[in-house]
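Peer 1: At the far end of the sequence shown sits residue 338, using the working numbering, and the numbering has no gaps.
Each residue gets a CB set at the ideal place from its N, CA and C atoms; glycine is no exception.
No experiment lies behind these values; they were computed from the predicted model shown.
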Amino acid sequence: MTEGQRPRGSGEPLDTAYDVALLDLDGVVYLGDTAIPGAAEALRKAAAAGMRLAYVTNNAFRTPAAIAALLTSFGTPASPEDVVTSAQAAARLLAERLPAGAPVLVIGGSGLRMAVRERGLRPVSTAADQPRAVVQGYSPDISYSLLAEGGLAVAAGALFVASNGDLTLPSRRGRQPGNGSLIQVIATATGAQPLVAGKPEPPLQRESVLRTGARHPLVVGDRLDTDIEGAHHVGTDSMLVLTGVTGPAEAVLAPPSQRPTDLAEDLSGLLEPHPDVTVHDGAFGCGGWTARMGGNRLELDGDGERIDGVRALCAAAWAAGEGDGGVSSEAARDALQRLER
């Protein structure tokens, strides 16, 4: 059994095993405009134990101060210095490639314009300003005219950078087009694909580590394809929480590049040790649960905490996935029904 094929146990609470938690926001700390129950209390306890908290978001629209204000309104400990955005990562990426004072056409909100200015670059709004780069981040107010200016600049040779590539944006009405969808307007018109700064690409994780001085960070997120895959890209441990986008079935079926180091129901997972997953005669045990493959079926027996059952199922499914057959979504759903009884 090689490293990464099963969730890893920890004999000490994660808030003391790691020095910094790099926390995603929506789906981890809050959902939309509502705090996730228990999240603020868990983060206060983790901070009291000595863990530094950094809030790492693909959202390039809000400023760090606005995000910190939202977090503190939920009772979560946060200051603007604790917030790291994809806008800041994109601005650093630009500053490393452009001379100081270079004009940059900004397609996005105040958070993106502020980040570009803080890096010593000059935000502009038209192709006539001969921008050296175009940077695009989500904003609900993006207009055709601004996209057209960006397209003209990129066609003329400007560097094209995107804050993030999320195709969708969660809302109360459902999934709406995200920045990853909006950047396709310029990409399709010019044939130029942007450099992407946000998760799962490395620049945002690099920005987070630089800003926090983390030596042994833990990425905490609710999405496999951004948070967890992003941690893999930079060789950082990760904890998946089941309070947002990813449910137990998606965790069980995760491909190797999206498998978390740890799993937890919610942020209380930072405050406790995590049990080891044991292996004996092809069966994977965690807590009171045992999971194994029986032919094409994924079997689960025992009793105990739901998250321990999910950990055992992940270990069994991930090991099976290394072979030819793997685990079907139907087999995963059938096994998980045992946890709901």
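Using 8 Å for Cβ pairs, my map puts L179 next to I139. What's the rounded Cβ distance?
Peer 2: Confirmed, Cβ separation roughly 6 Å.
Peer 1: Ordered along the chain, which non-local residues of its own chain (more than five positions away) have a Cβ less than 7 Å from that of A14?
Peer 2: Answer for A14: S7, listed in chain order.
Peer 1: Nearest-angstrom Cα distance between E93 and A153?
Peer 2: When rounded, the distance between both Cα atoms is 21 Å.
Peer 1: Take D30 and list the residues in its own chain whose beta-carbon comes closer than 7 Å to its own, dropping the five residues that flank it on each side.
Peer 2: Excluding residues within five positions, none has a Cβ falling inside 7 Å.
Peer 1: Check each candidate in R212, P137 and A84 and name the one with the smallest Cα separation from V231.
Peer 2: Taking only the C-alpha atoms, the option nearest V231 is R212.
Peer 1: Which residue wins for smallest C-alpha separation from D278, given the options G285, M290 and L268?
Peer 2: Checking every option, the nearest Cα to that of D278 belongs to M290.
Peer 1: Among A51, A66 and L149, which one has its Cα closest to the Cα of V17?
Peer 2: With distances taken between Cα atoms, V17 lies closest to A51.
Peer 1: When burial is assigned at 16 or more other CB atoms within 10 Å of the CB, is N161 buried or exposed?
Peer 2: Counting Cβ neighbours within 10 Å, N161 comes out buried, since at least 16 surround it.
Peer 1: Under the rule that 16 or more other beta-carbon atoms within 10 Å means buried, what is E198, buried or exposed?
Peer 2: Looking at its Cβ environment, which holds 16 or more other Cβ atoms inside 10 Å, E198 is buried.
Peer 1: Thinking C-alpha only, which one of L215, L207 and V242 is nearest D222?
Peer 2: The option with the nearest alpha carbon to D222 is V242.
Peer 1: Have a look at V216, R220, G148 and P191 and flag the residue whose alpha-carbon is nearest the alpha-carbon of G24.
Peer 2: Answer by Cα proximity: R220.
Peer 1: Report, in whole angstroms, the separation of the C-beta atoms of N176 and G134, which I expect to be a contact under 8 Å.
Peer 2: That pair is a contact at about 6 Å.
Peer 1: Which residue from D300, S107 and Y141 puts its Cα closest to that of P61?
Peer 2: The residue with the shortest Cα to Cα distance from P61 is S107.
Peer 1: Along the chain, which unbroken stretches of the beta strand (DSSP E) at least 3 residues long are found entirely within the stretch 161 to 216?
Peer 2: Whole beta strand (DSSP E) segments, 3+ residues: 165 to 168 and 171 to 174.
Peer 1: On the DSSP letters alone, give me the boundaries of the beta strand (DSSP E) that Y52 sits inside.
Peer 2: Run containing Y52: R49 to T54, per the beta strand (DSSP E) assignment.
Peer 1: For A97, tell me which candidate among R129, V80, G105 and A228 has the shortest Cα-Cα distance.
Peer 2: The shortest Cα separation from A97 among R129, V80, G105 and A228 belongs to R129.
Peer 1: Give a yes or no on whether the C-beta atoms belonging to L295 and A314 are separated by under 8 Å.
Peer 2: The answer is yes: Cβ separation under 8 Å.
Peer 1: Give the straight-line distance between the Cα atoms of L239 and R303, rounded to the nearest whole angstrom.
Peer 2: Going from the Cα of L239 to the Cα of R303 covers about 11 Å.
Peer 1: Taking all protein chains shown into account, decide if A312 is buried (16 or more other Cβ within 10 angstroms of its Cβ) or exposed.
Peer 2: The residue in question, A312, is buried, as its Cβ has 16 or more Cβ neighbours within 10 Å.
Peer 1: Between the beta-carbon of W286 and the beta-carbon of G306, is there less than 8 Å?
Peer 2: Yes, the pair counts as a contact, with Cβ atoms nearer than the cut-off.
Peer 1: Compute the Euclidean distance between the alpha carbons of T275 and C283, then round it to the nearest angstrom.
Peer 2: If you take the alpha carbons of T275 and C283, they lie about 7 Å apart.
Peer 1: Flag this pair as yes or no: are the beta carbons of L237 and P257 separated by less than 8 Å?
Peer 2: Their beta carbons are under 8 Å apart, which means L237 touches P257 by this criterion.
Peer 1: Smallest Cα separation from D126: which of L118, S136, A150 and R116?
Peer 2: Out of L118, S136, A150 and R116, A150 has the C-alpha closest to the C-alpha of D126.
Peer 1: Between V158 and A99, is the Cβ-Cβ spacing less than 8 Å?
Peer 2: Contact: no.
Peer 1: Would you check if the distance between the CB atom of T73 and the CB atom of A46 is smaller than 8 Å?
Peer 2: No, these two residues do not count as a Cβ contact at 8 Å.
Peer 1: Closest to I183 by C-alpha separation, out of V249, I33, E262 and L156, would be which residue?
Peer 2: For the residues V249, I33, E262 and L156, the minimum Cα distance to I183 belongs to L156.
Peer 1: Once DSSP output is grouped into helix, strand and coil, what is the label at E296?
Peer 2: Three-state result, E296: strand.
Peer 1: Compare the Cα-Cα distances from A44 to each of S235, D79 and D234 and report the closest residue.
Peer 2: Comparing Cα-Cα distances from A44 to each of S235, D79 and D234, the minimum goes to D79.
Peer 1: In the DSSP assignment, find the beta strand (DSSP E) that holds V81 and state where it starts and stops.
Peer 2: V80 to T82 is the extent of the beta strand (DSSP E) around V81.
Peer 1: By the three-class DSSP mapping on this structure, what secondary structure does T(-1) have?
Peer 2: Residue placement at T(-1) cannot be trusted, given a pLDDT of 39 that sits under 50; what the coordinates show is reported in the next sentence. Residue state, collapsed to three classes: coil.
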